[in-house]
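Numbering of the sequence shown is given in the working numbering, commencing with residue 73 and proceeding in unit increments.
Cβ atoms here follow ideal geometry from the backbone N, Cα and C, with glycine treated the same way.
On a predicted model such as this, the values are computed, not experimentally measured, just so you know.
Taking it in order: structure first as structure tokens, then the write-up.
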Amino acid sequence: MSLHPEFAAALAELQAQVAAAQANNPAPVGFDLKTQRAQLAGAAQHLQKVYAGDLPAESTYTFEDKKVLVDDGEFNVRVVVPTSEDKEKTFPVLAWFHGGGWAAGDPWVDDYQLRILSVELQVVTVNVDYRLAPEHPFPVPLTDSLAALKWTVENAASIHVDTSKGFIIGGDSAGGNLTATLAHIVRDDPFFKDHPLTGQVPREPVILHPDAYPEEYKKDLVAIEENAASATLAKEQLLLFVSLYNPPRLDDPRFSPYYFPSHAGVAPAYIQYNQRDPLRDDAVVLEKILKQAGVKTKSTLYPDLPHAFYYFTPHLAISRQVFRDTIDGVKWLLAGAP
73 MSLHPEFAAA LAELQAQVAA AQANNPAPVG FDLKTQRAQL AGAAQHLQKV YAGDLPAEST
133 YTFEDKKVLV DDGEFNVRVV VPTSEDKEKT FPVLAWFHGG GWAAGDPWVD DYQLRILSVE
193 LQVVTVNVDY RLAPEHPFPV PLTDSLAALK WTVENAASIH VDTSKGFIIG GDSAGGNLTA
253 TLAHIVRDDP FFKDHPLTGQ VPREPVILHP DAYPEEYKKD LVAIEENAAS ATLAKEQLLL
313 FVSLYNPPRL DDPRFSPYYF PSHAGVAPAY IQYNQRDPLR DDAVVLEKIL KQAGVKTKST
373 LYPDLPHAFY YFTPHLAISR QVFRDTIDGV KWLLAGAP
């Protein structure tokens, strides 16, 4: 299979730039987490520049980083609130979990997207800066993300949130894994009895480890080998990120949400995924098991494109379309997933 032509041209240019830079400053051999984190931070800075002209006027929203305290430490959430002449006005909320293999990334990765979404859809966004592996391995990124949802409920009045108007979670890649997992955990947690989730947006999620594929779906889970050498996320790189996250068992549902005993009653899902991604079939299986459980779903496949391509080439029309589709997916969920 060939890559999407627009992306292929941009990738060739990007690879040439990287090769030129490394000629004078060679990168470490093999997987290097410091380099991975720096590359994602650089991509986030580039995203900010590309989308600077698209950001809404500063008068149309407020944003603030707020501290969330947990038993063994603390982390931040970035809260964006649309402005309104009515100081008592409340809004739906979208909590977002960034990607980066549970070991890299921060709120800046999706900051521009969430500011645009917040103003356009009149939604409060809570962008979660969960603590990262390997310094904080499994289950810390997950428990921090759950704590952020509880913080959102407990502080709803001060951040102008009314969860009855919409309580949606979403995230990309590792953040998509956290999203699919939390959709089940929140369903079962009595804390959220009066504040159920109303939607989820798992974008290119991880839902299974290749060494824990169930027999029933092994014939469907072929993308991990078809796209093992993908330019933006190779199979080897994915497995290294999982080793840093270090779940105790690969079939633990808190890591592989496929293994929750039931998928009935989780929030409706809008799923986005890419054809040339080793995680492509995770998304396919996720949608299949949710539909079988009676959960409303909607999905978008991006042909001939690899994992997270839109972060590396944000100037492309197809990259912008992904973010537009995310906004439209949230809009669909806010409307009750009709």
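Please classify residue i: does DSSP put it in a helix, a strand, or coil?
i	result
residue 308	helix
residue 94	Annotation note: pLDDT 42 at residue 94 (below 50); position unreliable, coordinate value reported separately. Helix, per DSSP.
residue 160	coil
residue 340	coil
residue 409	coil
residue 168	strand
residue 144	coil
residue 415	The displayed coordinates of the chain run from 73 to 410. Any statement about residue 415 would go beyond what the structure contains.
residue 99	Note on residue 99: pLDDT 47, under 50, position unreliable in the model; the coordinate value appears next. In this structure, residue 99 counts as coil in the three-state DSSP scheme.
residue 385	coil
residue 272	strand
residue 247	helix
residue 241	strand
residue 77	helix
residue 155	coil
residue 136	strand
residue 345	strand
residue 280	coil
residue 182	coil
residue 374	strand
residue 260	helix
residue 402	helix
residue 126	helix
Output yes or no for whether 9 Å exceeds the beta carbon distance between residue i and residue j.
i	j	result
residue 293	residue 311	no
residue 199	residue 214	no
residue 335	residue 357	no
residue 176	residue 108	yes
residue 365	residue 322	no
residue 82	residue 181	no
residue 133	residue 153	yes
residue 110	residue 178	no
residue 169	residue 319	no
residue 383	residue 204	no
residue 408	residue 197	no
residue 151	residue 231	yes
residue 344	residue 173	no
residue 129	residue 259	no
Closest by CA to residue i, which one among the options?
i	options	result
residue 18	284, 380, 318, 184	Absent from the structure is residue 18, since the part of the chain shown begins at 73 and ends at 410.
residue 354	115, 404, 408, 296	296
residue 392	82, 111, 123	123
residue 189	408, 307, 407, 401	401
residue 138	220, 175, 144, 404	220
residue 362	143, 77, 345, 252	252
residue 272	399, 373, 351	399
residue 223	386, 274, 264	264
residue 287	164, 389, 330, 206	330
residue 238	194, 75, 325, 315	194
residue 159	207, 203, 229	229
residue 76	410, 348, 408	348
residue 74	302, 157, 327, 208	302
residue 386	126, 105, 337, 131	126
residue 157	144, 131, 135	131
residue 254	394, 403, 327	327
residue 249	324, 226, 227, 267	324
residue 192	212, 389, 164	164
residue 352	403, 307, 390, 388	307
Pull up the CB-CB distance for residue i and residue j, whole angstroms please, since I reckon it's below 8 Å.
i	j	result
residue 233	residue 155	That belief does not hold up - the Cβ atoms of residue 233 and residue 155 are roughly 15 Å apart, past 8 Å.
residue 79	residue 377	6 Å
residue 40	residue 299	Residue 40 lies beyond the stretch modelled for the chain, which goes from 73 to 410, so this question has no answer here.
residue 171	residue 245	3 Å
residue 369	residue 359	5 Å
residue 316	residue 240	Actually they do not touch by this definition, with Cβ atoms about 28 Å apart.
residue 206	residue 243	About 20 Å separates the two Cβ atoms, so there is no contact after all.
residue 149	residue 201	7 Å
residue 314	residue 267	With a Cβ gap of about 31 Å, residue 314 and residue 267 do not count as contacting.
Would you decide whether residue i is buried or exposed? Buried here means 16 or more other CB atoms lie within 10 Å of its CB.
i	result
residue 146	exposed
residue 396	exposed
residue 236	exposed
residue 341	buried
residue 262	exposed
residue 247	buried
residue 337	exposed
residue 95	Because residue 95 sits at a pLDDT of 45, beneath the cut-off of 50, its placement in the model cannot be relied upon, and the following sentence gives the value as read from the coordinates. With fewer than 16 other Cβ atoms within 10 Å, it is exposed.
residue 100	With a pLDDT of 44 at residue 100, under the threshold of 50, the modelled position of that residue is not reliable, and the figure given next carries that caveat. So residue 100 ends up on the exposed side.
residue 91	Any answer about residue 91 is weak, because its pLDDT of 45 lies below 50 and its placement is not dependable; what the coordinates show is given next. Exposed is the call here.
residue 333	exposed
residue 394	buried
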